[in-house]
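Residue numbers (this note's numbering), protein chains in the order written: chain A, 47 to 397; chain B, 3 to 516.
In what follows, a structure is listed as structure tokens, so that the remarks can point back to it.
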Amino acid sequence: MSRKKSIFENPVFLTLLAILVGFVVGAVFLTVMGYDPVLVYTTMISGALSKPRFLSYSVVYATPLIFVGLSVAFSFRTGVFNIGAEGQFVVGSMAACLVGIFVEAPPVIHAILCFLAAAAAGAVWGVLVATMKVKWGINEVLSMIMFNWIAFYLSNYLVTIPAIHSDGTAEATKNVADTAKILLPQSMRAGLAPATNWGILIALVFVVIVYLIIEKTTLGYELKAVGFNKNAAEYAGISVNKAVFTAMAISGALGGMGGAVHLLGLGERISLFAGQEGFGFEGISVALIGASNPIGVFFSGLFYGALKYGGSKLNLIKAPSEIIKVITGTIVFFIAISHVFKVLGKKKEGK
Amino acid sequence: MGNVRSVDLDTKVIEMKNIVKKFGDFVANDNINLTVHKGEIHAILGENGAGKSTLMNVLYGLYRPTSGEIYVNGKKEDIDGPGKAIQCGIGMVHQHFMLVQPFTVTENIVLGMEPVKGITLDMAKAREDVKQISEKYGMAVDPDARIEDISVGMQQRVEILKVLYRGAQTLILDEPTASLTPQEIRELITIMENLTADGKSIILITHKLKEIKESADYCTIIRLGKYIDTVKVSDVTEQDLASMMVGRNVTFKVEKEDKEPGEVVLEVKDLHGIDYRKVEILKGLSIQVRRGEILGIAGIDGNGQTELVEIITGLRRAESGSITVNGENIFNARPRTIFEKGVSSIPEDRQKHGLVLDFTVAENMVLQNYRKPEYQNHGFLKKDAIRRYAEEAVKKYDVRPDDSAGRPAGTLSGGNQQKVIIAREVNNDKDLLIAVNPTRGLDVGAIEYVHKYIVEQRNKGKAVLLVSFELDEIISLSDRIDVIYDGHIAGSMAGKDADENTLGLMMAGGVRHE
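Laid out in structure tokens, this is it:
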């Protein structure tokens, strides 16, 4: 049954094709709206990549997205749909913020404590949803969306607590202590974005950890078995409920750490939100573009981060930065229907 | 069984000439010819993966042939999709039904070609049409019942009616008896006879020889994608058909020497349990299986055998009673505990419970054992060891293709999927092996293997609990047979004394004797 694999069955090729189509569709929209797509795209690309400073900003933007992408990808691989990464991200930021403000510890260790707190908060947020699913059969997608809003308002409440509120006029919390920040040393940041931080390396470590869990461990094997076919897993003696808890806890912890890396690297404090920041939903796009593969997520996170930062430059030429949402939406759409390409590819070969 | 039907040999309804279908380098159909006449039941016989379904998918327009021609009523047709096939009067009933569960029978039948009155649906007419067709061919269906509420046999009739409603003259039935009870199979054969008496033709894809002998006029045999022969069914024996299909002589008789059973392995006493509707389905059932013995549980589907197995294996909680394995209590224990105490099982539904289809065969081979030190080290899987173990099993149990170990289980044919499960469960080497319909959907060649391994376990001194709807299988394998009826054991007999009639009567609740 050996036959040559068509290029249309290569997932990397399909993803690149979808990205290309995304840009083409974006160009169509831009043209219709009266903008010059070439100018917009060159502005975006040079704005994201042309200088070390821009490049480092792109990476800083990408880092939390990689965490949230990992969170969602992990959930996809283990059969739960973590649409609650947004909430986990927010409670993660809150936990990291509190530890960053109120705990005193030497550098490095302080940051680690913040990360642990964020991971724990995210995990708890995930496990609460899993508990409601397992104990009472409440649909996890619904409860996660609710939990996103609970986290949102909780965060806005946190900002108003006098002991936490900024001493200045800003509607935000106090800044986290310098010991909690994960910025690169001043000397290394010369010529780079001021917020350039170690986050990307931490993200890389977790890419490897998640990859190992999914591909190499008995834990990943159990979680995947439950995700693919919970009946067979149960038949073989794997506890389905335990697997759902574990998967949601890990996924939640990753989402929470996304919040921490954003706060300790770029944000420094939590501001009053006007609306959901959308990291969790961007994480879904990142996971889908990365084919739910940790290594894929790393690259798609970088891509998305660059797009997001490059897009922020568009107001310079008075073009709408929303165009990046059109592009990413189109990419995700075409990845979702990529089996169409496979079929088309096959037909072509059959002729 | 003589076929009194008059086949109109002068009218060729379907002719497929020199059909070749390649998938890449793989030749699924290699120069196959098929001629079907008016009023004929034409069986297509072949092992799992021989290319029967591919050929029919070509005829139904789901695949385009690489080369070859198709004639319908003598006219050459280019069937480029199911729409065209339906236009040509060809209808197909798939093995896995394609019905909308919450819709009624009528709604399903007319779906896609609903009669309309102005801009509204004319359901009254639809209902009338459905009733008329179903009565014409003796297919009793309740036009207002919802699909989710009716039996599998009834659902199949709905599928056939759907095809007839679209004006089919030739019906392709893909493994129609795979999920039917013996009674339902008999009813289906009657329906097929009614259809052909009315001038319809039927192409029957199957690997069940008995049904071919009972119903078909002609039979075309395909082996490994190649056309072997077309024979008149009344001229050949089941043995001939089997040999042509497999390409070697097949023994139907299971070789089994006499053996004195040893101590009790499984003991179930006064078991009470409820089904998913919370209705009591097991009403004080007791069985005993001993070492070196195969206990067959015969019974009509729905008398509690599914729940019995689910309870023993820990998937369902029992209400009361006791279950022990080698004297150890496993009543309402967790599946893993039960497995560790010595119970392995070949589940009834191989795709639902038996395999993780997205996992490779290798990963499936260790589904219960991945935590053993042979296969993991501090939580890290030893993928090479697992792979080697699977490759050995693939070789020993003749799973095809022979490089299956690294392939997702879902890409294997049904028979080979079953071999993977058998390999895993037999290799688990537990004191009790439970096998539920272990040969469902398999061809004679594969059945022979499965039976061989089950008997081998018994000969090694293991206890075997065999639950099957195939009476032949129960009779030929079992040392002892318990008949389950209405949630209890209604009767018992030695395997060598059993005959279908007595068992059939007991299964229907006719007699009760101990």
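All residues carry an ideal CB built from backbone N, CA and C; glycine is no exception.
Note that this is a predicted model, so its numbers are computed, not measured.
Sequence-distant Cβ neighbours of glutamate 282 of chain B in its own chain, meaning closer than 6 Å and more than five residues away, are Ile276. Counted as a single uninterrupted DSSP element, the beta strand (DSSP E) harbouring histidine 39 of chain B occupies residues 28-40. By the neighbour-count criterion, in which 16 or more other beta carbons inside 10 Å mark a residue as buried, lysine 374 of chain B falls on the exposed side. At a beta-carbon threshold of 7 Å, the residues of chain A lying near tyrosine 372 of chain B are Thr264 and Tyr267, ordered along the chain. Residue contact check for histidine 98 of chain B against chain A: no CB pair falls below 8 Å. DSSP places tyrosine 455 of chain B in the uninterrupted alpha helix (DSSP H) bounded by 446-461. Around the beta-carbon of tryptophan 195 of chain A, fewer than 16 other beta-carbon atoms lie within 10 Å, marking it exposed. Boundaries cannot be given for leucine 369 of chain B, as no alpha helix (DSSP H) includes it and DSSP labels it neither H nor E. The three-state secondary structure of lysine 276 of chain A, taken from DSSP, is helix. Counting other Cβ atoms within 10 Å of its Cβ, serine 203 of chain B reaches 16 or more and is therefore classed as buried. For the stretch 282-307 of chain A, the set of residues with a beta-carbon nearer than 8 Å to any beta-carbon of chain B comprises Ala282, Gly283, Ile284 and Ser285, in chain order. Here the C-alpha atom of isoleucine 112 of chain A lies approximately 52 Å from the C-alpha atom of aspartate 303 of chain B. Considering only B:Glu394, B:Ala180, B:Ile191 and B:Tyr220, the residue with the shortest C-alpha distance to asparagine 439 of chain B is B:Ala180.
Residue ranges of uninterrupted alpha helix (DSSP H) with 4 or more members, entirely inside the stretch 216-281 of chain B and ordered along the chain, are 240-248.
Neighbours of glutamate 150 of chain A across chain B, judged by C-beta separation under 7 Å, do not exist; the nearest C-beta is about 36 Å away.
At least one beta carbon of chain B lies nearer than 8 Å to the beta carbon of asparagine 277 of chain A. Three or more beta-carbon pairs drawn from the stretch 111-126 of chain A and the stretch 285-304 of chain A are found closer than 8 Å, and the two stretches are therefore classed as touching.
Alanine 119 of chain A is outside the set of residues whose beta carbon lies under 8 Å from a beta carbon in chain B. The Cβ of leucine 359 of chain B sits closer than 8 Å to at least one Cβ of chain A.
By the rule that beta-carbons nearer than 8 Å mark a contact, glutamate 280 of chain A touches chain B.
The closest CA to that of alanine 157 of chain A, considering only A:Gln232, A:Lys227 and A:Leu258, is found on A:Lys227. The beta carbons of glycine 323 of chain B and valine 485 of chain B sit no closer together than 8 Å. For tyrosine 487 of chain B, the uninterrupted beta strand (DSSP E) run begins and ends at 482-487, by DSSP.
When secondary structure is reduced to three states using DSSP, glutamine 103 of chain B falls in the coil class, being assigned neither helix nor strand. Partner residues in the beta bridge of asparagine 243 of chain A, as assigned by DSSP, are A:Leu229. Per DSSP, methionine 234 of chain A is not a residue of any alpha helix (DSSP H), being assigned neither H nor E. Against proline 337 of chain B, the close residues of chain A are Glu280, Tyr281, Ala282 and Gly283, in the order they occur along the chain (beta-carbon pairs closer than 8 Å). Of the candidates B:Arg129, B:Glu42 and B:Arg402, B:Arg402 places its Cα closest to the Cα of alanine 448 of chain B. Assigned with DSSP and collapsed to three states, alanine 333 of chain A falls in helix. Contact of glycine 381 of chain B with chain A by beta-carbon distance below 8 Å involves Thr263, Thr264 and Leu265. Scanning its chain for C-beta atoms nearer than 7 Å, with the 5 sequence neighbours on each side dropped, one finds around isoleucine 377 of chain A the residues Ala64, Ile65, Gly68 and Ile335, in chain order.
Counting C-beta atoms within 10 angstroms of its own C-beta, glutamine 134 of chain B has fewer than 16 neighbours from the protein chains shown and is therefore classed as exposed. Taking a Cβ-Cβ threshold of 8 Å, none of the residues of chain B is close to alanine 337 of chain A; the smallest such distance is about 14 Å.
Nearest to isoleucine 91 of chain A by alpha-carbon distance, out of A:Glu55, A:Asn221, A:Ser104 and A:Gly356, is A:Gly356. At the C-beta level, leucine 258 of chain A and alanine 293 of chain A stay beyond 8 Å of one another.
Going by DSSP, aspartate 131 of chain B is part of the alpha helix (DSSP H) stretching over 125-138.
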